[in-house]
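Participant: Would you mind keeping the following structure in view while I ask a few things?
Number of protein chains: 2
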Amino acid sequence: MPIEVVAFDADDTLWHNEPLFVDTKAKFQELLSAYHSAEWIEERLYETEVRNLEHFGYGIKSFTLSMIETAVELTEGRIRGSDVQRIVDFAKSMVDQPVQLLDFVEETVKTLAATFPLVLVTKGDLFDQESKIARSGLGDLFRSVEVVTNKDRSTYEAITNKLDVAPDGFLMVGDSLKSDILPVLDMGGYAIHVPYDTTWRHEEVPADVLDGYEFQEAASIREVPRIVGELSR
Amino acid sequence: MPIEVVAFDADDTLWHNEPLFVDTKAKFQELLSAYHSAEWIEERLYETEVRNLEHFGYGIKSFTLSMIETAVELTEGRIRGSDVQRIVDFAKSMVDQPVQLLDFVEETVKTLAATFPLVLVTKGDLFDQESKIARSGLGDLFRSVEVVTNKDRSTYEAITNKLDVAPDGFLMVGDSLKSDILPVLDMGGYAIHVPYDTTWRHEEVPADVLDGYEFQEAASIREVPRIVGELSR
Numbered sequence: 005m006p007i008e009v010v011a012f013d014a015d016d017t018l019w020h021n022e023p024l025f026v027d028t029k030a031k032f033q034e035l036l037s038a039y040h041s042a043e044w045i046e047e048r049l050y051e052t053e054v055r056n057l058e059h060f061g062y063g064i065k066s067f068t069l070s071m072i073e074t075a076v077e078l079t080e081g082r083i084r085g086s087d088v089q090r091i092v093d094f095a096k097s098m099v100d101q102p103v104q105l106l107d108f109v110e111e112t113v114k115t116l117a118a119t120f121p122l123v124l125v126t127k128g129d130l131f132d133q134e135s136k137i138a139r140s141g142l143g144d145l146f147r148s149v150e151v152v153t154n155k156d157r158s159t160y161e162a163i164t165n166k167l168d169v170a171p172d173g174f175l176m177v178g179d180s181l182k183s184d185i186l187p188v189l190d191m192g193g194y195a196i197h198v199p200y201d202t203t204w205r206h207e208e209v210p211a212d213v214l215d216g217y218e219f220q221e222a223a224s225i226r227e228v229p230r231i232v233g234e235l236s237r
Numbered sequence: 005m006p007i008e009v010v011a012f013d014a015d016d017t018l019w020h021n022e023p024l025f026v027d028t029k030a031k032f033q034e035l036l037s038a039y040h041s042a043e044w045i046e047e048r049l050y051e052t053e054v055r056n057l058e059h060f061g062y063g064i065k066s067f068t069l070s071m072i073e074t075a076v077e078l079t080e081g082r083i084r085g086s087d088v089q090r091i092v093d094f095a096k097s098m099v100d101q102p103v104q105l106l107d108f109v110e111e112t113v114k115t116l117a118a119t120f121p122l123v124l125v126t127k128g129d130l131f132d133q134e135s136k137i138a139r140s141g142l143g144d145l146f147r148s149v150e151v152v153t154n155k156d157r158s159t160y161e162a163i164t165n166k167l168d169v170a171p172d173g174f175l176m177v178g179d180s181l182k183s184d185i186l187p188v189l190d191m192g193g194y195a196i197h198v199p200y201d202t203t204w205r206h207e208e209v210p211a212d213v214l215d216g217y218e219f220q221e222a223a224s225i226r227e228v229p230r231i232v233g234e235l236s237r
């Protein structure tokens, strides 16, 4: 079956994202350093983030509300108003951050767009993702952009249905095994994993979960056109 | 030209939404009542909300970050941590609120779905909107759901393009003149205005802006099938 559509994840696949969260966490730890150790702050923030996913979903605003809750909790309510404001300012600085493409992204996406219809499949906050797509300068290379609240098998089935593409005509490129690779393989599609330096703990999967899965691994997005070419043969 | 697609706004057209914000504002005013008058709190909150639209967009999380900023500002930083937490809890209670359909919505949408492909076009937070659509029980009646960050003429042009529908084959039903009616008329489509009791100030338009626009006004969504029938003749 030939590949009909090539889909890309966005955050940490096309542009840097996780470092923005890591940097902000460091500022947050600094802000609360009079109260607790960096490790303990990180641990409690992570717990709050995961607990809040069901209320607020993914993205910067959700992360910010979790930082605020964690700050109140860890200071036993003694957090100062000015520090609460600083946390809100962290959020503004995050959303206003320039979009930094990863190496080789622009040429790779252009090359592939000449041969395949490209789709962007990204999780998170609609407002923030649309803004990043616009600022990336890559928007016009994608035939469609799907901002989704979660990436599981049924998400990818809905997308292939909508695009009228067979599951085994769909290839996904992304950095997250949990969100970009495994659910696409479960559906019967193809996937190329391009690992990123840093992965949010919530996106990690234990090694044994990978048993029996077959997918391609690329050290750089630059290798994707060659691998797609080989798979299409 | 016959109507090819009937599109609906969601918040305050299919289900109650604005009262949730109004009620939460009342709780917020109560929370800060030791510091300022309700009117002044409302005024400053509105200013913060509008200023933050460019950073955070529409929706509950954005509104909550604006409440927190306003609370810090209006208490000159003296807001207590426990009150900050209460504001975050307002947000959780908002997202967890049951979806309350407006009167006659269910039967009207079912009736129309038998004759026209229906589309839902809603502004706001993706996570929150998807959750409300799922909980409304109406999701399956809509051929497609478009959650958008803004509703202007180009938004509706992109939607009609995507649906492969001519602008004058597109009819929109909604409560907001600014977001649901005028941009659709500007595109060359049809619109039925079904006013809601309460409108957020930011959605209001001055009366003279309406000069020269032609659209239908319905007191209840129940009148929509008849009006659509007349327009299609």
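Top to bottom, those sequences are chains B and H. If you use the numbering used here, the first sequence corresponds to residues 5 to 237, in order. If you use the numbering used here, the second sequence corresponds to residues 5 to 237, in order. We put the CB at the ideal spot given by N, CA and C, even for glycine.
Can you look up tyrosine 217(H) in the DSSP assignment and give me helix, strand or coil?
Facilitator: Of the three classes helix, strand and coil, the one that applies to tyrosine 217(H) here is coil, per DSSP.
Participant: Looking at the unbroken beta strand (DSSP E) that takes in isoleucine 196(H), where does it start and where does it end?
Facilitator: Residues 194-197.
Participant: In terms of residue numbering, what span does the alpha helix (DSSP H) encompassing alanine 138(H) cover?
Facilitator: Looking at the DSSP string, the run of the alpha helix (DSSP H) that includes alanine 138(H) is 130-140.
Participant: Please compile the residues from chain H whose C-beta is within a distance smaller than 8 Å of the C-beta of isoleucine 7(B).
Facilitator: Those do not exist, as isoleucine 7(B) stays about 23 Å from chain H at its closest Cβ, beyond 8 Å.
Participant: Which word fits threonine 65(H), buried or exposed, when buried means at least 16 other C-beta atoms lie within 10 angstroms of its C-beta?
Facilitator: Contrary to the premise, residue 65(H) reads as lysine rather than threonine in this sequence. Flag for lysine 65(H) reads buried.
Participant: Taking C-beta pairs closer than 9 Å, name the residues in chain H that glutamine 89(B) reaches, listed in chain order.
Facilitator: Ile72, Glu73, Val76, Glu77, Gly81, listed in chain order.
Participant: Going along the region 119-144 of chain B in order, which residues come within less than 9 Å of chain H, judged by CB to CB distance?
Facilitator: Listed by position, the residues of the region 119-144 of chain B near chain H (Cβ gap below 9 Å) are Gly128, Asp129, Leu130, Phe131, Asp132, Gln133, Glu134, Ser135.
Participant: With a Cβ-Cβ cutoff of 9 Å, do alanine 223(B) and proline 187(B) count as a contact?
Facilitator: No, the Cβ-Cβ distance between alanine 223(B) and proline 187(B) is not below 9 Å.
Participant: Determine whether the Cβ of histidine 59(B) lies closer than 9 Å to any Cβ atom of chain H.
Facilitator: Output row for histidine 59(B): interface = yes.
Participant: Considering alanine 11(B), what are the terminal residues of the beta strand (DSSP E) in which it resides?
Facilitator: Its beta strand (DSSP E) spans residues 9-12.
Participant: Can you give me, in chain order, the residues of the region 186-208 of chain B that have a beta carbon less than 7 Å from any beta carbon in chain H?
Facilitator: Against chain H - using a Cβ distance shorter than 7 Å - the region 186-208 of chain B contributes no residues.
Participant: Kindly list the residues whose CB is nearer than 8 Å to the CB of proline 6(B), restricted to its own chain and excluding five residues on each side of it in sequence; keep chain order.
Facilitator: Within the same chain, proline 6(B) has close Cβ partners Gly173, Ser236.
Participant: Thinking serine 140(B) and valine 99(B) are a contact (beta carbons under 8 Å), I'd like their distance in whole angstroms, please.
Facilitator: Contact doesn't hold; Cβ gap of about 14 Å is too wide.
Participant: Cα-Cα, which of Glu208(H), Leu24(H), Asn56(H) is closest to glutamate 97(H)?
Facilitator: Going by the sequence as given, residue 97(H) is serine instead of glutamate. Of Glu208(H), Leu24(H), Asn56(H), the residue nearest in Cα terms is Leu24(H).
Participant: Just tell me which of Glu80(B), Gly85(B), Ile185(B), Val76(B) has its CA closest to the CA of glutamate 80(H).
Facilitator: The shortest Cα separation from glutamate 80(H) among Glu80(B), Gly85(B), Ile185(B), Val76(B) belongs to Gly85(B).
Participant: Pull up the distance between the alpha-carbon of serine 180(B) and that of aspartate 16(B), whole angstroms please.
Facilitator: Roughly 9 Å between the two C-alpha positions.
Participant: Determine, for leucine 181(H), whether the minimum Cβ-Cβ distance to residues of chain B falls below 9 Å.
Facilitator: Not one chain B Cβ lies under 9 Å of leucine 181(H).
Participant: Would histidine 206(B) be called buried (16 or more neighbouring beta carbons within 10 Å of its own) or exposed?
Facilitator: It counts as exposed.
Participant: DSSP on leucine 175(H), reduced to helix/strand/coil?
Facilitator: In the structure shown, leucine 175(H) sits in a strand (DSSP, three-state: E or B).
Participant: Alpha carbon to alpha carbon, how far is isoleucine 195(H) from leucine 189(H)?
Facilitator: Here residue 195(H) turns out to be alanine, not isoleucine, going by the sequence shown. Alanine 195(H) and leucine 189(H): Cα-Cα distance of roughly 7 Å.
Participant: Assign leucine 106(B) to one of three DSSP states: helix, strand, or coil.
Facilitator: Note: leucine 106(B) maps to coil in three-state DSSP.
Participant: Going by DSSP, which residues form a beta bridge with glutamate 150(B)?
Facilitator: DSSP, once it has assigned bridges, lists Val125(B) as partnering glutamate 150(B).
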